[in-house]
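Only one structure is covered here, and it is reproduced in the block below.
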DNA sequence: ATTATTTATGCAATCGATTGCACAAACAAA
DNA sequence: TTTGTTTGTGCAATCGATTGCATAAATAAT
């Protein structure tokens, strides 16, 4: 049973007294092959335990059925969920996903893209690193006529399809919700970056305030890295400056978590003294005490969308289509950290 | 600048009036090539902006520099961290990782392995699905002489390298710690599966009790799916049965989280009334209130180890080496949920 | 100076499938 | 019957790099 040599289309051809071309066409459902030979080929293929060599196929056809996927960090819930989403769609279409991470390091990003091109992936789905300002490696992808889809962290410098969530709307939803809970002095934790996402969340926050006739107060605005420690520091600063505040909207769940810790340490009640809203809907948000209200970005859906955009571009082929930009609507997941008793 | 046609070794060869063989050898640092031509080739390659076509190389050489990696779920912290670990080692050696998930469905596992073989990966690193009992697809991998490394969820049915953590030791550490905190009535949440890992944790639990002259009590043992809801149910059952207990060691953080919720709802103090220890060290464990003591499995290290075992097997080549089994030692991360004041 | 060895390169087959073009056979139209 | 189409296969080149074997040139040994 253990055929040591893998069987090729030539073996099938020989067995049936036809040529490899015929076998190849039969296997690829080419309409020019008669029903009889097609069946015979399929039967022989099964008997000989034939498995196609995708490498050989790829070399000749130029199609590897591989997608290169680049994320900043594989083991961040948001990104791993997006990978999952992409993988689901890709596998169902018999494509495979090669994953690399940049770890937010520009050189890694460059070399990963180069490696993808060397293995001749059929295209790339990527999220740009935080510190990336040069996009030549991505332009090479486009120059080769390969599909490139950017997600979450994108740039206007590249004319290509992208999928993002409506960060503005996320910020607006979160802030409006806090206002609806009766909060008027709402602090905001943000990050200053090239990336637009934080600016958008901030803009949503500001506009929500203005729409409800609340004047934004610079004293309530804090900029940092949005890690847990940053959240702690911002909150301590708020308390020490003796700033009056009754809510915090953090552009990241981690910083919100830091705030929660400090507030509890200081004996403040959440949400009654200070209501709290984060962003990302990290898995841990439902396990904190109180559970943390947050903005869901639907990462798996985002992965599906990215994959679909990818295949749209792939099937469009050479006829350059107008790049599509899909904006997903976020959802505010209200939990106890911001839900006050009726007032 | 935009060379539309990619340059090949033939272009380089032509430019230098040598043959493609020479160019190939020069690029692969074959010692039979003179220093001069090597340099000339390298220079010309750079000038012509040459990028190797790995597909062509793979077809001829039989080496794709691709590793197929199969996990139950990409977006589980434990697995995504292992992927990260594998990826770090692989990329540093110029290998790429193709990721697929089985979602614990046997058919997916089978077809993923088959797909890996079709793209001619150089080997596979995998964690077996919960319900997998037939290992023929993995045997095919071994039959082809390809390296196969199993991690975390393995089986004795396959003669191949594997890396696991010492689940027994994890269970023993956790339980001993609770005993050291003065607990004597320690409940255990486990799961009944083909997989050994839960049995081992349970065995560690039992032996730790026995070693401290505590008689295991069947009334304190609960079996389920170890999800949050299971933890809630088990805890409610404990309370309703009016079982005396002063600690819970759950084989999963999620079930431990369920226990924490119920205990708090019932007004019990953690750890003073009931001390709590989980397993996995999920990211959320440091964010609960109180933070949850848990057993760290070092997933990134596990990924590194799996990758190293993979490359060991790969370099060993045909000369079948004895499969290695690496057992990583887990670490108990003590947090407030189990740390009592001095007593 | 002649033979033996080493060094550097070329030749041509090969990996396994795909595909444009040619062509024979079968069938339809006139 | 003759010409025109359609249908089903074969031929042979091709994708781009690798590699066993042969060989010319350079060097060492006798």
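Residue numbers (the working numbering), protein chains in the order written: chain A, 568 to 910; chain B, 568 to 910. Beta carbons are placed, not taken as given, at the ideal position from N, Cα and C, and that holds for glycine. Fair warning: this is a prediction, and the values are worked out from it, not measured in the lab.
CA-to-CA distance, residue 585(A) to residue 718(B), given in whole angstroms: 46 Å
Which stretch, first to last residue, makes up the alpha helix (DSSP H) that contains residue 870(B)? 866 to 883
Is there a Cβ from chain A that is less than 9 Å from the Cβ of residue 613(B)? no
Output, in sequence order along the chain, the residues in the stretch 677 to 691 of chain A whose CB is closer than 7 Å to any CB in chain B. 682, 684, 685, 686 and 687
Under the three-state reduction of DSSP, which class applies to residue 793(A): helix, strand or coil? coil
Residues bridged to residue 756(B) by DSSP? 789(B) and 817(B)
Candidates 722(B), 645(B) and 705(B), of which the one nearest residue 674(B) by Cα: 705(B)
Which of helix, strand or coil DSSP assigns to residue 893(B): Residue state, collapsed to three classes: strand.
Quick one: grab the DSSP three-state call for residue 663(A). strand
Just curious, the beta strand (DSSP E) that residue 718(B) is in, first and last residue? For residue 718(B), the enclosing beta strand (DSSP E) stretches over residues 715 to 718.
Cutting at 8 Å between CB atoms, please list the residues of its own chain near residue 751(B), excluding the five before and the five after it. Excluding the 5 residues flanking it on each side, residue 751(B) has same chain C-beta neighbours closer than 8 Å at 781 and 813, in chain order.
Minimum Cβ-Cβ distance from residue 569(A) to chain B less than 9 Å: Note that residue 569(A) scores 37 on pLDDT, short of 50, meaning its location in the model is unreliable; the coordinates nonetheless yield the value given after this. Chain B contact via Cβ: present.
Chain A contacts from the stretch 823 to 852 of chain B (Cβ-Cβ distance under 7 Å): 824, 850 and 851
Given residue 842(B), which residues of its chain have a CB within under 6 Å of its CB, disregarding the five upstream and five downstream residues? 745, 748, 750, 814 and 905
How many angstroms separate the CA atom of residue 570(A) from the CA atom of residue 713(A)? Because residue 570(A) sits at a pLDDT of 42, beneath the cut-off of 50, its placement in the model cannot be relied upon, and the following sentence gives the value as read from the coordinates. When rounded, the distance between both Cα atoms is 38 Å.
Measuring only the C-alpha atoms, how far is residue 847(B) from residue 627(A)? 47 Å
Name the one or two DSSP bridge partners that residue 602(B) has. Answer by DSSP bridge pairing: none, since residue 602(B) is not bridged.
Own chain residues within Cβ distance below 6 Å of residue 857(A), not counting five before or after: 837, 903 and 904
Under 9 Å between C-beta atoms, does residue 877(A) make it to chain B? no
Residue 767(B): first and last residue of the uninterrupted alpha helix (DSSP H) it sits in: 763 to 778
How is residue 737(A) classed by DSSP in three states: helix, strand or coil? Here residue 737(A) carries a helix assignment [DSSP, helix/strand/coil].
I want to verify the contact list: residues of chain B whose CB lies under 7 Å from the CB of residue 656(A), in sequence order. Here the premise fails: no neighbours, minimum Cβ distance about 13 Å.
Here's a check: name, in chain order, each residue in its chain whose Cβ is nearer than 8 Å to the Cβ of residue 806(B), leaving out the five neighbours to either side. 829 and 833
Could one say the Cβ of residue 718(A) lies closer than 9 Å to chain B's Cβ atoms, at least one of them? No, residue 718(A) does not count as interfacial toward chain B.
What are the residues that DSSP puts in a beta bridge with residue 842(B)? 814(B)
Quick one: what's got a C-beta closer than 8 Å to residue 753(A)'s C-beta in the same chain, skipping five residues either side? 742, 745, 746, 772, 776, 781, 787, 812, 813, 814, 815 and 816
When we look at the beta-carbon of residue 642(A) and count the other beta-carbons within 10 Å, is it buried (16 or more) or exposed? buried
Test item: CB-CB of residue 682(A) and residue 635(A) under 9 Å: Their beta carbons are under 9 Å apart, which means residue 682(A) touches residue 635(A) by this criterion.
Might you give, ordered along the chain, the residues of its own chain that have their beta carbon closer than 7 Å to the beta carbon of residue 688(B), omitting 5 neighbours on each side? 631, 633, 634, 635 and 665
Have a look at residue 850(A) and residue 645(A) and give me their C-alpha separation to the nearest angstrom. 9 Å
I want to verify the contact list: residues of chain B whose CB lies under 7 Å from the CB of residue 618(A), in sequence order. 684 and 685
Taking the C-alpha atoms as reference points, what is the distance between residue 701(B) and residue 784(B)? 35 Å
DSSP bridge partner residues for residue 693(B) (one or two, in chain order): Beta-bridge pairing by DSSP links residue 693(B) to 637(B) and 717(B).
Using only alpha-carbon positions, find the residue among 898(A), 872(A) and 866(A) that is nearest to residue 649(A). 866(A)
Near residue 661(B), what residues of its chain come up, given a Cβ to Cβ distance below 8 Å and the 5 sequence neighbours on each side ignored? Cβ within range, chain order: 632.
Reference residue 759(B); option with closest CA among 735(B), 604(B), 790(B) and 736(B): Comparing Cα-Cα distances from residue 759(B) to each of 735(B), 604(B), 790(B) and 736(B), the minimum goes to 790(B).
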